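A.B. asks: Once you've had a glance at the structure underneath, I'll fire off some questions.
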Amino acid sequence: MTALRHVVCPHCHTINRLPEGRDFRAARCGKCRGRLFEGRPVDLDARHFRSFLEGHDVPVLVDLWAPWCPPCRALAPVIEELARRREPEIRVAKLDIDRAPDLAESLRVTAVPTLLLYHRGQEVARHSGLLSRAALEAWIASHLGDGERMRRAAGS
Ligand SMILES: [Zn+2]
């Protein structure tokens with residue numbers, strides 16, 4: 236039996252099941268036919284935040300930001316570059332906390348930018364403040380590296 240990976244469509248929020256081992260970069264949603272990965276961060280809102288995290292079984296990195304925050308603007312190109320380079324093994328998303336203040340409070344996010352790293356709906360790490368691309372990659376690897384290797388070993 237072919238293993239399936241679960242990925243949430245950024246357009247219509249349907250969970251798609253994709254066969255493991257295929258190149259997902261060209262994959263389209265079975266419902267709306269939109270591209271599942273567009274090489275750029277997905278803009279989340281409060282309504283779809285939880286289902287988006289829980290619907291993926293690839294890790295999801297969320298950048299919580301605000302338009303009035305200069306370090307957030309400095310981090311934005313780093314996050315965009317990460318999406319270009321690391322999708323589809325990592326899903327990259329953004330949440331404007333001014334548009335989701337109640338959600339930011341329930342996540343106990345008190346500073347921006349804050350990066351939240353989720354795997355299978357669970358928060359595995361968080362970081363507040365600006366990071367270089369190299370530091371961001373190292374931070375992600377330190378929290379996912381072993382788990383991903385173990386998952387691949389168990390799944391194959
Ligand atoms: Zn769709």
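Start counting the sequence shown at 236; every next residue gets the next number (the numbering used here). Note that CB positions come from ideal geometry on N, CA and C, so glycine has one too. Small disclaimer: the values here were computed from a predicted structure and weren't measured.
(1) Taking DSSP as the reference, what is the three-state secondary structure of S391?
(2) Mind checking whether L379 and L299 have CB atoms under 8 Å apart?
(3) Closer than 7 Å to a non-hydrogen atom of ligand 1 - does that hold for the CB of K329?
(4) Which residues count as close to ligand 1 when the rule is a CB under 6 Å from any of its heavy atoms, in chain order?
(5) Using a Cβ-Cβ cutoff of less than 7 Å, which residues in the same chain neighbour L253 once the five nearest sequence positions on both sides are dropped?
(6) Which same chain residues, not among the five before or five after S363, have their C-beta less than 6 Å away from its C-beta?
(7) Just the Cα atoms here: how many angstroms apart are R355 and V295?
(8) Going along the chain, which residues of its own chain have a beta-carbon closer than 6 Å to the beta-carbon of C267, five neighbours each way excluded?
(9) Please return the same chain residues whose Cβ sits closer than 8 Å to the Cβ of L366, not counting the five positions on each side in sequence.
(10) Quick one: what's A328 bridged to in DSSP?
(11) Any idea if R326 is buried or exposed, counting beta-carbon neighbours within 10 angstroms, 16 or more meaning buried?
(12) Buried or exposed: P302, going by 16 or more other Cβ atoms within 10 Å of its Cβ?
C.D. replies: Taking the definition as stated:
(1) Reliability fails at S391, whose pLDDT of 41 lies under 50, so the model's placement of it is uncertain and the value that follows must be treated cautiously. Three-state result, S391: coil.
(2) no
(3) no
(4) Those residues placing their Cβ nearer than 6 Å to any heavy atom of ligand 1 are, following chain order, C244, H246, C247, T249, C264, K266, C267 and G269.
(5) The residues are L239, R240, V242, F259 and A262.
(6) A346 and T349
(7) 8 Å
(8) H246 and C247
(9) L310, V313, L350 and W374
(10) V277 and V297
(11) buried
(12) exposed
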